[in-house]
Amino acid sequence: MDNKPLDVLILAAGLGTRMRSDIAKVLHRLDGRPLINHVCRTAAALAPRRVYVVVGHQGNEVRDAVLEELEDEHVEFVWQKEQLGTGDAVNAAREHLESAGSELLVLSGDVPMIKAETLAGLVRQHQSHRGKGAACTLVSVELADPTGYGRVIRDSAGLFEKIVEQKDGTEEELQIREINAGIYCFDTDKLFDALARVSNDNAQGEYYLTDVPGVMKEAGEAVSIFKLKDGLEIEGINDRRQLAALERSIRRRAVKRLMLDFGVTFIDPDRTYVAGSVTVGRDTTIYPNVTLEGQTKIGDGCIIRSGTRIADSKIGHGVEIKDNCVIDNAEIANRCTIGPMAHLRPGARLEEGARIGNFVEVKKSVVGRNSKVNHLSYIGDATIGEDTNIGAGTITCNYDGKNKHRTEIGNRVKIGSDTMLVAPVKVGDGSVTGAGTVVTTDIPPKTLVVGAPGRPIRSLDEKD
Ligand code: UD1
Ligand code: MG
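Residue numbers (our numbering): 138 to 601.
As structure tokens, then:
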């Protein structure tokens with residue numbers, strides 16, 4: 138039997154009342170990314186024909202988040218104007234899908250941990266059910282505490298009978314611990330037939346997608362259950378407590394993986410916050426209250442002290458980052474030393490052996506090999522050569538109120554304390570500025586400059 142094409146539909150229109158938030162639930166972040174992005178990435182791994190996303194609350198923002206994950210031509214957005222329930226959300230896609238002749242995988246935007254292998258298993262079971270495929274296959278699991286989820290009711294033969302929502306269940310039904318994960322594979326054409334027969338006569342006055350399998354079963358269609366062993370993958374996020382619990386388990390798993398597979402020392406694993414996407418090299422030591430986010434890569438033998446946050450940055454080997462630094466979109470070569478209390482902003486690049494000291498801010502600048510900016514300085518839109526020393530309190534005055542300008546400092550330069558470099562300006566190799574100099578014009582190589590504004594007073598070569 139030839140399999141039908143696979144389409145995916147993701148439900149993401151709800152506000153998520155239980156989050157008590159002004160932000161649509163699927164935009165809340167887990168492991169640094171919106172919930173909807175997790176689901177989209179997993180859906181894409183199955184290489185479906187098309188992904189449909191039902192949007193409503195903050196639909197434009199949800200669409201923007203989805204488009205960060207999926208190519209425009211593979212995704213179709215469907216608007217659900219009023220949120221009348223999960224069944225109504227699917228119905229919003231009727232005109233796109235009712236005669237699509239596909240299998241439709243329905244995912245929830247608030248069930249972010251589901252794995253692609255699991256979904257592939259679901260689709261396989263659905264297609265092969267009793268040799269000719271089922272009308273619907275739903276994912277279930279037994280939970281110690283099923284509160285809040287829809288319950289899967291089986292008949293006396295153990296076959297699927299119906300799903301009952303928490304708010305509609307009898308006391309006896311609510312004793313059942315097998316829950317509906319909110320993930321289904323449908324024969325698309327049969328889904329839309331059955332959906333037309335679903336009413337909103339229930340405790341919430343909503344059109345429940347969960348009524349569809351029961352309606353199908355009554356009509357004599359085959360409904361199968363894909364039962365999982367472990368509940369972690371299908372945990373739904375309905376409130377902040379659930380969001381925090383999943384975040385904790387993802388971060389714990391990331392720390393465990395770095396310890397066991399990568400050989401990283403954590404002084405206190407429970408007090409370190411590492412996103413799943415981060416890699417750290419062998420024999421690096423990480424102190425408590427460090428946060429590592431995004432696409433951060435840290436090399437071997439580094440030391441990262443307490444209170445430091447590193448996001449989307451590349452750190453070489455043997456780097457020491459002292460306490461309370463913020464490093465964002467920066468690149469740091471081997472053997473650099475940073476901090477304490479330093480701020481490396483986007484576009485900061487330190488070459489091998491460079492040192493950045495306390496209360497120094499670096500933005501969109503290169504600090505060359507073995508150069509030092511040790512105290513209380515701002516280096517923005519600058520290039521600093523090799524073996525140069527920048528004295529305490531130096532500022533690159535890069536902004537004239539309208540535009541940003543560059544400062545170029547050569548090799549083996551000594552910038553005196555409290556020098557103001559009024560950009561655009563260049564300082565030649567081997568030059569020196571005295572304390573408090575205001576540099577407004579380019580300084581040739583090997584020149585000593587003092588004063589405000591700095592005037593060249595003599596050539597260093599003459600005296601040598
Ligand atoms: C749903 C299921 C429940 C299941 C649980 C698993 C129904 C009626 N119940 O309950 O059986 O155990 O998921 O997590 O389906 N949405 C829309 N439009 C709407 C309503 C919801 O797009 O009108 C979206 C939401 O944004 C969300 C998803 O559908 O992403 C699920 O809705 P939610 O309200 O969270 O349903 P649950 O109460 O969790
Ligand atoms: Mg939910």
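Glycine included, every Cβ here is placed at the ideal spot set by N, Cα and C.
Outcome for residue i when other beta-carbon atoms lying within 10 angstroms are tallied against a minimum of 16
i: Glu355; result: exposed
i: Ser293; result: exposed
i: Arg377; result: exposed
i: Lys327; result: buried
i: Ala150; result: buried
i: Ala237; result: buried
i: Ile447; result: buried
i: Arg288; result: buried
i: Gly567; result: buried
i: Tyr424; result: buried
i: Asn317; result: buried
i: Gly295; result: exposed
i: Ala184; result: exposed
i: Ile594; result: exposed
i: Ser450; result: buried
Reduced DSSP category for residue i - H, G, I as helix; E, B as strand; rest coil
i: Lys541; result: strand
i: His512; result: strand
i: Thr548; result: The identity of residue 548 in the sequence shown is Asn, whereas the question assumes Thr. It is coil, neither helix nor strand.
i: Gly351; result: helix
i: Asp225; result: helix
i: Leu234; result: helix
i: Cys322; result: strand
i: Gly109; result: What the structure shows of the chain is the stretch from 138 to 601, and residue 109 is not part of that stretch, so it cannot be assessed.
i: Cys177; result: helix
i: Leu183; result: coil
i: Ser239; result: coil
i: Met557; result: strand
i: Gly517; result: strand
i: Asn197; result: helix
i: Asp144; result: strand
i: Glu489; result: coil
i: Thr428; result: strand
i: Phe496; result: coil
i: Thr104; result: Past the boundaries of the shown model lies residue 104; the chain is included only from 138 to 601, so the question cannot be answered.
i: Val576; result: strand
i: Arg408; result: helix
i: Ala333; result: coil
i: Val456; result: coil
i: Asp465; result: strand
i: Ile251; result: coil
i: Ile290; result: strand
i: Ala149; result: strand
i: Lys327; result: helix
i: Ile527; result: strand
i: His165; result: coil
Beta-carbon proximity check, residue i vs residue j, cutoff 8 Å
i: Val427; j: Ser443; result: yes
i: Val497; j: Ala485; result: no
i: Val360; j: Leu332; result: no
i: Asn466; j: His454; result: no
i: Thr569; j: Val559; result: Thr is not the amino acid found at residue 569; the sequence shown has Val there. Taking 8 Å as the Cβ cut-off, Val569 and Val559 do not qualify as a contacting pair.
i: Ala491; j: Ser508; result: yes
i: His194; j: Glu213; result: no
i: Gly373; j: Val248; result: yes
i: Glu523; j: Gly538; result: no
i: Val411; j: Leu395; result: yes
i: Tyr321; j: Val335; result: no
i: Met250; j: Glu370; result: yes
i: Val415; j: Val401; result: no
i: Cys462; j: Ile452; result: no
i: Lys304; j: Ala271; result: no
i: Ile552; j: Asn526; result: yes
i: Val510; j: Gly494; result: yes
i: Leu146; j: Val191; result: yes
i: Glu298; j: Arg291; result: yes
i: Leu365; j: Val260; result: no
i: Val188; j: Leu207; result: yes
i: Arg543; j: Asp518; result: yes
Contact belief for residue i with residue j at Cβ below 8 Å, rounded distance in angstroms
i: Ala230; j: Val215; result: 5 Å
i: Gly565; j: Pro590; result: Contact doesn't hold; Cβ gap of about 17 Å is too wide.
i: Gly285; j: Asn375; result: 7 Å
i: Asp460; j: Pro483; result: The pair is not a contact, with the Cβ atoms about 22 Å apart (cut-off 8 Å).
i: Ile173; j: Val199; result: 6 Å
i: Gly258; j: Phe363; result: 7 Å
i: Glu240; j: Leu143; result: 5 Å
i: Gly268; j: Ile300; result: Contact doesn't hold; Cβ gap of about 25 Å is too wide.
Exercise for the section: Anything with a beta carbon under 5 Å from a heavy atom of the ligand MG counts; list them all in chain order. Expected result: Those residues are Asp247, Gly373, Asn375, given in chain order.
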